[in-house]
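Step one of this worksheet: look at the structure below.
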Amino acid sequence: GTRGQPGGGSGGGGAGAGGQGSSGSRIELDTILTTGSPIELEGALAAGADWGQWLRDTDGDTRTNAFHIACAEGRPDLLQVLLSHAPRGVDTKDKRRRTPMHHAAE
Numbered sequence: 414g415t416r417g418q419p420g421g422g423s424g425g426g427g428a429g430a431g432g433q434g435s436s437g438s439r440i441e442l443d444t445i446l447t448t449g450s451p452i453e454l455e456g457a458l459a460a461g462a463d464w465g466q467w468l469r470d471t472d473g474d475t476r477t478n479a480f481h482i483a484c485a486e487g488r489p490d491l492l493q494v495l496l497s498h499a500p501r502g503v504d505t506k507d508k509r510r511r512t513p514m515h516h517a518a519e
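Just add 413 to the spot in the sequence shown (first one is 1) and you have the numbering used here.
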């Protein structure tokens, strides 16, 4: 994929947007999306963190990317940063074909 668009795979996520797919980058981005600040997220994205990679698959059925997590965590501040890097990311779908807005409503 290219920067600003999710990586490969059906559903809109994957490990291709920034070329990062290591578990270390996943853990860092997941942590920032849960407890971090917009400045930390901006720095991670500027350093090549892949917002489109699958970050969580906790129940074996739901894979989510950074947009899904920011919405699920109730973090509009982080969603704003993500949107500035990848406006179309809000339209991505998880493994169950739910958008980030579905996660925000739960």
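By construction, the Cβ of each residue, glycine as well, lies at the ideal position given by its N, Cα and C atoms.
Provide the residue span of the alpha helix (DSSP H) that contains aspartate 490, from first to last.
Locating residue 490 in the sequence shown gives position 77, counting from the first residue. Unbroken alpha helix (DSSP H) run through aspartate 490: 489 to 498.
Can you tell which of Gly456, Ile452 and Trp464 has the C-alpha that lies nearest to the C-alpha of aspartate 443?
For this step, residue 443 is matched to residue 30 along the sequence shown. Selected option, being the one with the closest Cα: Trp464.
Going by C-alpha distance, which of Gln493, Gly487, Arg476 and His481 is nearest leucine 454?
The sequence position of residue 454 within the sequence shown is 41, counting from 1. Nearest option by C-alpha distance: Gln493.
Less than 7 Å between the beta carbons of alanine 483 and leucine 495, yes or no?
Locating residue 483 in the sequence shown gives position 70, counting from the first residue. Locating residue 495 in the sequence shown gives position 82, counting from the first residue. A contact, by the Cβ cut-off of 7 Å.
DSSP three-state call for arginine 469: helix, strand or coil?
Taking the sequence shown and counting its residues from 1, one reaches residue 469 at position 56. It is a strand residue.
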